[in-house]
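S.K.:
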Amino acid sequence: MSDEEELPQGTATILLVDDNPADLLVVCKQFKRAGYRVVVAREAEEAIERAGFVQPDLILLDVVMPESSGFEICRRLKATASTQDIPVIFMTALTDVSDKVTAFEAGGVDYITKPFQVGEVLARVNTQLSLRAMQQLLNARNQQLQEQLSEQRLQREELEYRATHDMLTELPNRTLFMDRLTHAIERARRNQSQLAVLFIDLDKFKIINDTLGHGAGDELLQSVAERLRNCARKSDTLGRLGGDEFVVLAENTSAVADIETLIERLSSKLVEPVLLAGLMHSVTCSIGISRYPRDGETAETLLKHADLAMFQAKDRGRNAYRFFEASMQETLNRRVSLERQLREAFKRDEFVLYYQPQIDLRNGRICSLEALVRWQSPNDGLVLPGHFVPLAEESRLILALGEWVLRSACIQLRRWLNRGVSVVPVAINLAAAQFADPTLDQLLKGALVESELDARYLELELTESMSMSDPEVSLAMMHRLKEIGVSLAIDDFGTGFSNLSYVRRFPVDKLKIDRTFVEGMISNPQDNSIVLSVIRLAHSLGLRAVAEGVETEGQVRLLAEGGCDMFQGHQFRPALAAPDIEDLLQRQVCVSPELLARPFQLRTVLLVEDEPQVANSFRRMVRNHDIHVIAVEGPTEAYEVLAQQDIGVVVSDYRMPREDGIQFLSNVKRLYPNSIRILMTGHVDRGTLENTINQAEAFRFIAKPWYSDQVIATLEQAFQRYDYLSRAGGVQRIVGDVTMGGGGVDEQR
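The opening residue of the sequence shown carries number 228 in the numbering used here; numbering runs sequentially from there.
1. Can you give the Cα-Cα distance for Pro342 and Leu376, rounded to whole angstroms?
2. Which stretch, first to last residue, makes up the beta strand (DSSP E) that contains Leu287?
3. Please check the pair Ile516 and Ala423, which I expect to be a contact at CB under 8 Å, by giving their CB distance rounded to whole angstroms.
4. List the DSSP bridge partners of Pro584.
5. Let me know the secondary structure DSSP gives Asn656 once reduced to three states.
6. Run through DSSP, which three-state label would Lys739 get?
7. Leaving out five residues on either side along the sequence, give the residues of the same chain with a beta carbon under 6 Å from the beta carbon of Glu472.
8. By DSSP, does Ser495 sit in helix, in strand, or in coil?
9. Can you give the beta carbon distance from Glu775 to Val745, rounded, assuming they're within the 8 Å contact cut?
10. Looking at C-alpha atoms only, which residue of Asp792, Gly346, Tyr881, Lys931 is the closest neighbour of Phe925?
11. Kindly indicate which three-state DSSP category Asp719 falls into: helix, strand or coil?
12. Report, in whole angstroms, the separation of the C-beta atoms of Ile300 and Leu287, which I expect to be a contact under 8 Å.
13. Out of Leu942, Thr863, Ser953, state which residue places its alpha-carbon closest to the alpha-carbon of Pro900.
14. Give the range of the beta strand (DSSP E) segment to which Cys512 is assigned.
15. What's the C-alpha gap between Leu563 and Asp741?
16. Determine the direct distance from the alpha carbon of Leu942 to that of Gln828, and round the result to whole angstroms.
17. Going by DSSP, what residue range makes up the beta strand (DSSP E) through Val1040?
18. Please name the residue, chosen from Leu786, Ala802, Val878, that lies closest to Pro584 on a Cα-to-Cα basis.
19. At what residues does the beta strand (DSSP E) containing Ile427 begin and finish?
20. Thinking just about the alpha-carbon of each residue, which of Tyr934, Glu385, Glu478, Ala572 is nearest to the one in Ala415?
21. On the three-state DSSP scale, how would you describe Gly523?
22. Beta-carbon separation of Ser622 and Glu566 under 8 Å?
23. Give the range of the beta strand (DSSP E) segment to which Glu472 is assigned.
24. Ignoring anything shorter than 3 residues, give me the beta strand (DSSP E) runs that lie fully in the region 629-693, in order along the chain.
25. From the DSSP output, in three-state form, read off His910 for me.
26. What is the DSSP secondary structure of Asp337, reduced to helix, strand or coil?
27. Any idea what DSSP makes of Ala925, helix, strand or coil?
28. Closer than 7 Å by C-beta to Arg732: which residues in its own chain qualify, once you throw out the five before and the five after it? Chain order, please.
29. So what's Gly442 in DSSP terms, helix, strand or just coil?
30. Measuring alpha carbon to alpha carbon, tell me which residue in Arg927, Ser935, Met793 is nearest Arg850.
31. May I ask you to list the residues that DSSP assigns as paired with Val856?
32. Under 8 Å: do the region 528-541 and the region 498-510 share three or more Cβ pairs, one atom per stretch?
33. Note the first and the last residue of the continuous beta strand (DSSP E) segment covering Phe551.
34. Alpha carbon to alpha carbon, what distance is there between Gln639 and Asp430?
35. With DSSP as the reference, label Met507 as helix, strand or coil.
36. Whole angstroms is fine: what's the gap from Leu285's alpha carbon to Ile241's?
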């Protein structure tokens, strides 16, 4: 008798361990007849070896065995990771209760006494196999659930972490550092203690960055961050503000000598050579120090004074440190001089607007522009905003600059309109001081009136942190701006501390994904997940998602496949002067359709109809046209179907319980914007038509009773549109049509 016989794949395998040939013969024969695959072992070591190799579904084990008892064999199996979960049933002539107890203590799941009935053995084996199968299924489902929950938790944690940390060095960013500094000041005030802020700037970092490349510069910054971690105290808080600027918060530092000891330790560590581009380089640093309460009582003041002291250290020849002193006017004088130049720039009209196109990922066309200010300085040439906007914000010149940008954009739009240019909306960034100005809405109205411009041509962008600084005040101002008719967008989304309950209430139209996440989405799975999560969040809130800083075709394709609505970045065009933008608009330059291609989707219609006879008639009508129909009786079932699979076309009856067809299709538009929506009803009136087009943005309106040829043609057109949108990577607003029964009349909005 062979130990194994070939049986169909998927058959349960039983390892039979018995030294009695007669018992083996009987059991093997009956179990094979019952459809099981049987593997035999006649002694202990053979049983252990075969159990590990074969991995049977169940083991039948005789207690009385030569050399080693079945109890000992079972204990060894249970002590081995690969075999510990295999159920063991003992078969023996021993009937003493103590033997049964020993069997269960050894790990057995059942105990069969000899002589036995084959039917009983089969029944017990089947029971144990069923129990094991159910346990394995339960374990698999629990594991799947745990993995899903773990993934969601990791995504949330990653979003929060990236919003508060510098991704290059893993140090707290400015937002988190300022928050911790504010809390440290509160503790020091309560405890009447002192603290110090150290502002660290690397000397000649720009030279290394320019000569060795940004990769070497990044390596240096990472090395600096690691060295700071190694030599700072456990109670110190580190941070990177940006560029080559680092900060250290040192609490409970009452003596200058303690601060100087910390500085010397930091400086000596940072000056140690580091390998960059195959060569060793030594980098020094300049450090400025401010102290609480001596040099300020707010986080902003302390950081500003530490910054000023750092500039004093650089002016002294670098590789030095300076404590802030009230007499430090030189740096302030330079800033005052720059501020004076900015004021003169207003008088000499030295500011100019550049515009960066924003591309609709549905069709590749320019759908809007972002206005970006530049300073045409007589001394320094074209100055980017990063060099003067921060000072403008500090000096409150930002209000005047923001007003100039707003009025200039409106004037430029009016000029284009007067010349017959097919203009698109222009987005304008609002500074925090502008958004906090209670007269902002009046300023906006005045600019629109003066330029005789429709508000629909303007969009205002608010940063995430700005909108969340005082959510209730922000909400009120947003509503006032929306009443004027402009669009609103939250800029740099994902970099601040958004409360989603407020984001849901904000009357905004777009979420702009911060460029830091877009930059890494091709090579970094976390960045990719964050981008897709923000896109899904935007769509679930009924908003459009806009990606900033798009530089490569790969980013465009991923964004298109992920359902992003719009993008802007150098991949298409950098910010351009008004004449160059006008040329693009006139020539209707767009992104290649091949870049936005998407895979073809199934021809599936979801029919929401509560009358069975109508649903059956619909099925009969399309059965010979390669169209698959899923019919449900109401929105509740329809939402479930939509959540489980891709649906190309949704056809809904108008009159339904709990939720009419217009409301249902409006929700479908928000939840699944690529699905083509068609309303079907026997009650046609002007109000229904208008709501179908305006609220649900339906592709067609089918009136009952219908003409089959017209309905088939409508469905074919709908699938063509769905295929186009799927390949184009986005959602396109479709002009609503009406297909009327009985007369074949088509009306277009």
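Idealized CB from N, CA, C, for every residue including glycine. Quick caveat, the model's predicted, so the values are computed rather than measured.
M.R.: According to the structure shown:
1. As a first step, residue 342 must be located in the sequence shown, where it is residue number 115. As a first step, residue 376 must be located in the sequence shown, where it is residue number 149. C-alpha of Pro342 to C-alpha of Leu376: approximately 51 Å in a straight line.
2. For this step, residue 287 is matched to residue 60 along the sequence shown. Element bounds for Leu287: 285-289.
3. Here the question's residue 516 lines up with position 289 in the sequence shown. Here the question's residue 423 lines up with position 196 in the sequence shown. The pair is a contact, with the Cβ atoms about 6 Å apart (cut-off 8 Å).
4. Walking along the sequence shown from the start, residue 584 turns up at place 357. Per DSSP, the beta bridge partners of Pro584 are Leu596.
5. The residue you call residue 656 lines up with position 429 of the sequence shown. Reduced to three states, the DSSP call for Asn656 is strand.
6. By one-based count along the sequence shown, residue 739 stands at place 512. Of the three classes helix, strand and coil, the one that applies to Lys739 here is strand, per DSSP.
7. Taking the sequence shown and counting its residues from 1, the one referred to as residue 472 is at position 245. Correct list, in chain order: Asp428.
8. Start at 1 with the first residue of the sequence shown, and residue 495 comes out as number 268. Note: Ser495 maps to helix in three-state DSSP.
9. Within the sequence shown, residue 775 is the residue found at index 548, counting from 1. Within the sequence shown, residue 745 is the residue found at index 518, counting from 1. Cβ-Cβ separation between Glu775 and Val745: approximately 6 Å, consistent with a contact (criterion under 8 Å).
10. The residue given as residue 925 occupies position 698 in the sequence shown. Here the sequence assigns Ala to residue 925, which means Phe is not the residue at that position. With distances taken between Cα atoms, Ala925 lies closest to Tyr881.
11. Your numbering for residue 719 matches position 492 in the sequence shown. Looking at Asp719 - three-state DSSP - the assignment turns out to be strand.
12. To locate residue 300, count along the sequence shown from 1; it is residue 73. To locate residue 287, count along the sequence shown from 1; it is residue 60. The C-beta separation of Ile300 from Leu287 comes to about 12 Å, leaving the pair out of contact by the 8 Å criterion.
13. Here residue 900 corresponds to residue number 673 of the sequence shown, with the count starting at 1. The shortest CA-to-CA distance from Pro900 to any of Leu942, Thr863, Ser953 is the one to Ser953.
14. Counted from its first residue, the sequence shown places residue 512 at position 285. Segment 512-519, the beta strand (DSSP E) holding Cys512.
15. Your numbering for residue 563 matches position 336 in the sequence shown. Your numbering for residue 741 matches position 514 in the sequence shown. It should be pointed out that residue 563 corresponds to Val in this sequence rather than to Leu. When rounded, the distance between both Cα atoms is 32 Å.
16. Sequence index remark: in the sequence shown, residue 828 carries index 601 (1-based). Sequence index remark: in the sequence shown, residue 942 carries index 715 (1-based). Here the model assigns Gln828 a pLDDT of 44, short of 50, so the residue's position is not dependable, and the following value carries that caveat. So the alpha carbons of these two residues sit roughly 14 Å apart.
17. Within the shown structure, residues of the chain are numbered from 228 to 976, placing residue 1040 beyond reach of any answer.
18. Counting from 1 along the sequence shown, the entry for residue 584 is found at position 357. Its Cα nearest to that of Pro584, the residue Ala802 stands out among Leu786, Ala802, Val878.
19. To locate residue 427, count along the sequence shown from 1; it is residue 200. It spans 422-429 - the beta strand (DSSP E) in which Ile427 sits, taken as one unbroken run.
20. Residue numbering aside, residue 415 sits at position 188 when the sequence shown is read from its first letter. Minimum Cα-Cα distance from Ala415 among the listed residues Tyr934, Glu385, Glu478, Ala572 corresponds to Glu478.
21. The sequence position of residue 523 within the sequence shown is 296, counting from 1. Here Gly523 carries a coil assignment [DSSP, helix/strand/coil].
22. Against the sequence shown, residue 622 aligns to sequence position 395. Against the sequence shown, residue 566 aligns to sequence position 339. Contact: yes.
23. Taking the first residue of the sequence shown as position 1, residue 472 is located at position 245. Here the beta strand (DSSP E) through Glu472 covers 472-478.
24. Uninterrupted beta strand (DSSP E) stretches at least 3 residues long and entirely within the region 629-693 occur at 653-656, 685-690, given in chain order.
25. Residue mapping note: residue 910 aligns to position 683 of the sequence shown, counting from 1. Coil at His910, not helix or strand.
26. Numbered from its first residue, the sequence shown carries residue 337 at position 110. In the three-state scheme derived from DSSP, where H, G and I count as helix and E and B as strand, Asp337 is classed as strand.
27. For this step, residue 925 is matched to residue 698 along the sequence shown. In the three-state reduction of the DSSP assignment, Ala925 falls in the coil class, being assigned neither a helical nor a strand state.
28. The sequence position of residue 732 within the sequence shown is 505, counting from 1. Counting only Cβ-Cβ distances below 7 Å, and skipping sequence neighbours, we find Leu702.
29. Position 215 of the sequence shown, counted from the start, is the residue given in the question as residue 442. Three-state result, Gly442: helix.
30. Numbered from 1 along the sequence shown, position 623 holds the residue referred to as residue 850. Answer by Cα proximity: Ser935.
31. Here residue 856 is taken as the residue at index 629 of the sequence shown, counted from 1. Within the DSSP secondary-structure output, Val856 pairs in a beta bridge with Val832.
32. No, because fewer than three Cβ pairs between the region 528-541 and the region 498-510 fall closer than 8 Å, the two stretches do not touch.
33. Taking the sequence shown and counting its residues from 1, the one referred to as residue 551 is at position 324. Boundaries for Phe551: no beta strand (DSSP E) harbours it, and the DSSP string shows neither H nor E there.
34. If you number the sequence shown from 1, residue 430 lands on position 203. If you number the sequence shown from 1, residue 639 lands on position 412. Asp430 and Gln639 have their alpha carbons spaced roughly 43 Å apart.
35. Working through the sequence shown from its first residue, we reach residue 507 at position 280. Met507 falls in the strand class under three-state DSSP.
36. Walking along the sequence shown from the start, residue 285 turns up at place 58. Walking along the sequence shown from the start, residue 241 turns up at place 14. The alpha-carbon of Leu285 is positioned some 5 Å away from that of Ile241.
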